[in-house]
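J.: Position 279 (the sequence shown) corresponds to 304 in my numbering; numbering is contiguous.
A single structure is presented below for examination.
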Amino acid sequence: MPFALEARFWWQRARGLWRRGLTSLRTRGLAASWQRLLQHLVRPARPALPLYVPETAPFAPFTLATSALPAVSLVIPVYGQLAHTLACLHALAAYPPGTPFEVIVVDDASPDDSLQALQQIGGLRLHARTRNGGFIAACNDGAALAHGEFLVFLNNDTVPQPGWLDALLATFHQHPDTGLAGAKLVYPDGRLQEAGGVVFADGSGWNYGRFDDPADCRYNYLRDADYLSGAALAIPAALFRQLGGFDVRYAPAYYEDTDLAFKVRAAGRRVLYQPASVVVHDEGTTAGTDVNAGPKSAQVRNQRVFAESWKSALSAQLPPHTPPTPALLHRRQRQILIIDALTPQPDRDSGSVRLLGLIRLLIDEGAHVVFVPANRSADGNYTRALQALGVECWYAPLMPRWPAWLRSHGPRFHAAMVCRHYVAAELFPLLRKYAPQARLLFDTVDLHYLREQRAAQLTGDAVALRAAARTRTAELGLMAQADATLVVSASEQALLAHECPQARVEVLSNLHALAAAGPGFAARQGLLFVGGFRHPPNVDAMVWFAHEVLPRLRAQQPGMVLHCIGGDVPAAISALADLPGMQVHGHVPDLQPWLEHCRVSVAPLRFGAGVKGKVNQAMAHGLPVVATACAVEGMHLQAGEDVLVAGDAEGFAQAVLRLHADATLWAALAARGRENVARHFSFDAARPTVCRLFLD
């Protein structure tokens, strides 16, 4: 049975690639189709984790680029081991963080000449203890001297990597409920030392991922941890003082960081492992690693102290010696699997904006989201952006192929959502087999068959019309298999009530946060179009607008300019830049300047399906829209009251000219467009549907 199931998966994948390849050749041409094929089949080799290592040289004085007005105070306790201390400080000097910082080195009565050497280093604050008190005493002394809003405790046997501190502090800004943040610790040989700590029910602990590959998918997303190693640890200074600092019951050291993590959590704040902050730690340099002798022997005694102090909280922890897995680490959360063709790119297409909004909403509701692109490819900053939200992302070569991965992970999911019919056709059988307990959701993104059918009817292409019929059969068949199908508009829901009455169809539309309205009418000029050009309706819309509408506009307003923004620009769009009034910008990472300074947004789509992100995005920013009926289908908009709608070139041109010239009309449409987004396309509007479908 498993062999037959997996053979079916590979057959579906091969057939789907062949069919989509033919369709792409017809609509996009050879070059664009070849690039899309490479995205599916070719993955770059994974480079080894690059580690910065300071050069070894005889001691010479140097200076740190510290600030008299620090935002963060680095506290480094020192007891001998001068070479390690200098390597740590050299790393801070070579790659100073962007955040204003100070460095407080607490010399804990070092037995070597550390104090004399440290006195020659500029830019640090040196505090010399007269007798050795251990890690806890040294850290608490340093914290008492700190001026920064944040405290960062850093072992002297560490080499912080470039960007480590800014990434660590960003945790608090991106997740305001953070109370404690810890770095990814790696050994000098590049192996993983710790990706957040796990505490078992008897108070014992384990460094999650110890000796594993630091690039493994399990260790590269933001995650709540039971505790974080004091080797590289950040906390708001006020919270540290409120909690009484490191508890002296654990003096001289060990379990003080674990105890602090439990106190932070008891105070209602999160304890977060931040994988984007990487610190090399030469574990055991000062205290050794033998728990039966030397300073580290206190670890055994302190475990008993800790276990007695936190007996109630520990009752909810994993049994001792349980091998931690992502399923177990997130056992208190609903675990949701989301699969789309590619990793969402919210600066490039509307579907990605919607998917990212859904992921944020699920996280806000307490779910743990696992995202896997169907092609199993990491996508640089787009993947890292998901991981920074706390999304567990999987990708090759660190992820096995789909059948093996689902065999291992399928049982942990409460719900699984697959986007797009050609992805769902491949994966539905595997999900039913390996995740039978999961609610299976089919996200159409938009009704592909409806879009293909309309495009074929517009061009009179009989071959494309037959292809649309095949897509219809595939989509409706998947709807019948799914526990629920998601569409983006009530109009598509009504259509499917007739086309596929046995399916449960729910509306989950685009998700937008209202932005500031921006400048008023008088401070704006010109027109804006936004749309990714991998999407054929956008190519058709711009070619039609540039040749049929823009000349009519410029005949009456010679200075009228259209700003055309969107990635993956084909030759047909590039050629439009030669036309008077056309400015083709291609992809831009930040649309804000155009959303704030253009006067009218245009959506001249002649075919398509679903809800148009370009319309909602403009309205969310207070930018009024002129559109075709197709572009505002299912969006709860009233023509003439919320948006201007026109179907032919002359009517479209007159609507644009009218809106561009009438300040009163402009202000009314801007206000009502924002109201429509808030009422129908906000996070609050979607929340009940999301909770019902994914979490109940």
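The beta-carbon is built from N, C-alpha and C at its ideal position, and this holds for glycine as well.
Because the structure is a prediction, the values reported are computed rather than measured.
What are the uninterrupted segments assigned as alpha helix (DSSP H) that are 4 or more residues long and contained completely in the stretch 99-148, given in chain order?
T.: Runs of the alpha helix (DSSP H) inside the stretch 99-148: 107-119, 139-143.
J.: What does a CB cutoff of less than 6 Å around Y120 pick up in its chain, not counting 5 residues either side in sequence?
T.: Closer than 6 Å at Cβ, skipping near neighbours: P187.
J.: To the nearest angstrom, how far is the alpha carbon of A220 from that of G234?
T.: So the alpha carbons of these two residues sit roughly 6 Å apart.
J.: When you compare the stretch 250-270 with the stretch 224-234, are there three or more beta-carbon pairs, one atom per stretch, that lie closer than 8 Å?
T.: Contact between the stretch 250-270 and the stretch 224-234 is present, because at least three Cβ pairs lie under 8 Å.
J.: For L194, which residues in the same chain have their Cβ closer than 7 Å to its Cβ, ignoring the five residues on either side in sequence?
T.: The residues are V97, T124, F175, A259.
J.: Within its chain, find whatever has a CB closer than 6 Å to the CB of F570; leave out the 5 residues flanking it on each side and keep chain order.
T.: Correct list, in chain order: P629.
J.: Residues in the same chain with beta-carbon distance under 6 Å from D468, minus the five sequence neighbours each way, listed in chain order, please.
T.: So the qualifying residues of the chain are M442, C444, L511.
J.: Is it buried or exposed, G207, if we count other Cβ atoms within 10 angstroms and call 16 or more buried?
T.: With 16 or more Cβ atoms within 10 Å of its Cβ, G207 is classed as buried.
J.: Can you tell me whether N245 is helix, strand or coil according to DSSP?
T.: Here N245 sits in coil by DSSP.
J.: Run through the stretch 528-576 for me and flag every whole alpha helix (DSSP H) of 4 or more residues, listed as ranges in chain order.
T.: Listed in chain order, they are 561-569.
J.: Flag this pair as touching only if the stretch 691-708 and the stretch 631-644 have three or more C-beta atom pairs under 8 Å; answer yes or no.
T.: Yes, they touch.
J.: Please say whether W189 and V100 have beta carbons closer to each other than 9 Å?
T.: Cβ distance not < 9 Å, so V100 and W189 don't count as in contact.
J.: Starting from P433, follow the alpha helix (DSSP H) in both directions and report where the run begins and ends.
T.: Residue identity differs from the one stated: residue 433 is Ser in this sequence, not Pro. Note, S433: alpha helix (DSSP H), 427-434.
J.: Express the C-alpha separation of A680 and P649 in angstroms, rounding to a whole number.
T.: Approximately 12 Å between the Cα atoms of the pair.
J.: Curious, which full-length alpha helix (DSSP H) runs of at least 4 residues does the stretch 585-618 contain?
T.: Here the runs fully enclosed are 596-599.
J.: Taking the beta carbon of T110 as the centre, do at least 16 other beta carbons fall within 10 Å, making it buried, or is it exposed?
T.: Buried.
J.: Per the contact definition of three or more C-beta pairs closer than 8 Å, is the stretch 533-548 in contact with the stretch 379-390?
T.: Result yes; three or more Cβ-Cβ pairs closer than 8 Å.
J.: Whole angstroms are fine: how far does the CA of V568 sit from the CA of A597?
T.: Rounded to whole angstroms, A597 to V568 spans 7 Å at the Cα level.
J.: If you pair each beta-carbon of the stretch 282-297 with each one of the stretch 198-207, do three or more pairs fall below 8 Å?
T.: The stretch 282-297, when compared against the stretch 198-207, does touch it at the 8 Å Cβ threshold.
J.: In or out: A286 buried (at least 16 other Cβ within 10 Å) or exposed?
T.: By the 10 Å Cβ count, A286 comes out buried.
J.: Curious, which full-length beta strand (DSSP E) runs of at least 3 residues does the stretch 247-332 contain?
T.: DSSP runs (the beta strand (DSSP E)) wholly in the stretch 247-332: 257-261, 295-306.
J.: Taking P95 as the reference, which of I129, A118, T368 has the closest Cα?
T.: Measuring from the Cα of P95, the nearest candidate turns out to be I129.
J.: What first and last residue would you give for the alpha helix (DSSP H) that runs through S377?
T.: Run containing S377: 375-389, per the alpha helix (DSSP H) assignment.
J.: Tell me the start and end of each unbroken beta strand (DSSP E) in the stretch 460-527 that is at least 3 residues and wholly inside, in chain order.
T.: For the stretch 460-527, whole beta strand (DSSP E) runs of length 3 or above, ordered along the chain, are 464-468, 509-512.
J.: Can you check the stretch 621-691 for any beta strand (DSSP E) of at least 3 residues that lies completely inside it and give the ranges in chain order?
T.: DSSP runs (the beta strand (DSSP E)) wholly in the stretch 621-691: 625-628, 650-652.
J.: By Cβ distance, which residues of its chain are closer than 6 Å to A226, with the 5 residues on each side in sequence left out?
T.: Excluding sequence neighbours, A226 sits near L339, Q342, P344.
J.: Among the candidates V564, V513, Q106, Y244, whose CA atom is the shortest distance from the CA of A711?
T.: Minimum Cα distance to A711 is reached at V513.
J.: Quick check: W419 and C242, are their CB atoms within less than 9 Å of each other?
T.: Yes; because the gap between Cβ atoms is below 9 Å, this pair is in contact.
J.: Taking the beta strand (DSSP E) that C716 belongs to, which residues open and close that run?
T.: It is not in any beta strand (DSSP E) - C716 carries neither H nor E in the DSSP assignment.
J.: Does the Cβ of P398 have 16 or more other Cβ atoms within 10 Å, making it buried, or fewer, making it exposed?
T.: It is buried - the Cβ of P398 has at least 16 other Cβ atoms within 10 Å.
J.: Which two residues bound the contiguous alpha helix (DSSP H) that contains L194?
T.: Counting along the chain, the alpha helix (DSSP H) containing L194 begins and ends at 189-199.
J.: Assign R156 to one of three DSSP states: helix, strand, or coil.
T.: It is coil, neither helix nor strand.
J.: Please tell me whether A352 and P436 are closer than 9 Å, where the distance is taken between their beta carbons.
T.: Yes; because the gap between Cβ atoms is below 9 Å, this pair is in contact.
J.: Can you say whether Q370 is buried or exposed, counting buried as having 16 or more other CB atoms within 10 angstroms of its CB?
T.: Flag for Q370 reads buried.
J.: With DSSP collapsed to three states, give me the class of R437.
T.: Three-state result, R437: helix.
J.: How far does the beta strand (DSSP E) with G405 in it extend, from its first residue to its last?
T.: Here G405 belongs to no beta strand (DSSP E); instead the alpha helix (DSSP H) covers 405-414.
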